[in-house]
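In this text, residue positions in the sequence shown follow numbering that gives the first Met the number 0: the first is 0, and each later residue adds one.
Even glycine gets a Cβ: it sits at the ideal position worked out from N, Cα and C.
For reference, the structure discussed in these notes is given below.
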Amino acid sequence: MTSFMLTDTTASKISSQLTHLRHQLGSPAVGMVLTLVVVCDEGSQYDAVRAATEAAREHPSRILVVITRDETEPNRLDAELRVGESTPGEVILLRLYGELTRHADSVVSPLLLTDTPVVAWWPKESPEVPAEDPVGALAQRRIVDARAATPSVRAIASRARSYVPGDTDLAWTRLTPWRSLLAAAFDQPVGKVRKGVVEASPDHSSAPLLAAWLGERLGVPVKVAESGGPGLTTVKLTTAEGDIVITRSDARLATLSRPGQPDRQVALTRRPTAELLAEELRRLDPDEVYEAAVRRVARTSKS
């Protein structure tokens, strides 16, 4: 991998240097399928860059990492460019000082790949309404993570009320294995579901989304209850024939119990951030299933 530093630079100089580096390495930009804009602070940039780079192995990207520094310093843009065989695509770390910290879109916009989708990701703190954020307004998809907020459940409800198509949350992405397993529980006929409960550790951001998805799909009330954790621990759906129950106590292995069927052990492990991000990058159109779930969260949070 080739790394190149530019101090007190401009977007046009960054573009010129990228062209020069690609020419040296023989790695044209045409292989990249999207621009991923990562908005973070200095403390979280290492993990964010690592996750984005891993996800880019499946989705070669230009990764623009926007790091806001001291807004009281004179205006300055520092950049670190990383291009090479070990980097699928390009990684550009942009450190903004002074007034630039409030105008990241003006720095990012000239560096977006032409005629390709733009995805914005806030791995830690995120705007209240991502679509109205200057960087978020540049993107077709906007990824946040309610787990980084405190309290997490309140953040889910707040974002649900301001949802715009194209928004998504890694708190929802973490539910994919749970939703797949719950769908598999209905492979064989079962009685009509009357009610349900999702149990999770306190202030678990994914729990209200899972309850909302189940309630929307089944048309029954599904409540959230606290457990000792870790994370999501139990989903119980009550039917006339008995309970359908998924229990997970160690964040790795779950037990699926159905009326009249032997219990089944299934893998239900927590996934790393890079895998969650890669899943979200596979679809760049609005997630209608997430929209239905999050709008249900918005309705229930008002009542």
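Determine, using beta carbons only, whether T237 and K194 come nearer to each other than 8 Å. yes
Hey, how far is the Cα of S200 from the Cα of L280? 28 Å
Are the region 103-117 and the region 75-93 touching, with three or more C-beta to C-beta distances below 8 Å? yes
Just list the residues that DSSP pairs D242 with in beta bridges. T237
Where does E198 land, buried or exposed, given buried means 16+ other C-beta within 10 angstroms? buried
For the beta strand (DSSP E) that V221 lies in, which residues bound it at each end? V221 to E225
R61 versus A292 - alpha carbon distance: Straight-line Cα distance between these residues: approximately 31 Å.
Look at T172 and E53 and say whether their C-beta atoms are less than 8 Å apart. Contact check for T172 against E53 fails: the beta carbons are separated by 8 Å or more.
Terminal residues of the continuous alpha helix (DSSP H) containing T272? T272 to L280
Output yes or no for whether 8 Å exceeds the beta carbon distance between L66 and R21. One detail in the question is off: residue 66 reads as Ile in this sequence, not Leu. In this structure, R21 does not lie closer than 8 Å to I66 by Cβ.
For I245, which of L181, G97 and Y96 has the nearest alpha-carbon? L181
Please state whether the Cβ-Cβ distance between V36 and L80 is less than 8 Å. no
N-terminal and C-terminal residue of the alpha helix (DSSP H) that Q16 is part of: A10 to L24
Please work out which residues of its chain come closer than 8 Å, Cβ to Cβ, to K191, disregarding the five sequence neighbours upstream and downstream, and give them in chain order. T238 and A239
Taking the beta strand (DSSP E) that S2 falls in, what are its first and last residues? T1 to L5
Roughly how many angstroms separate the alpha carbons of G30 and R263, rounded to a whole number? 44 Å
Tell me whether the beta-carbon of R251 lies closer than 8 Å to the beta-carbon of A184. no
Does P87 come out as helix, strand or coil in the three-state DSSP assignment? strand
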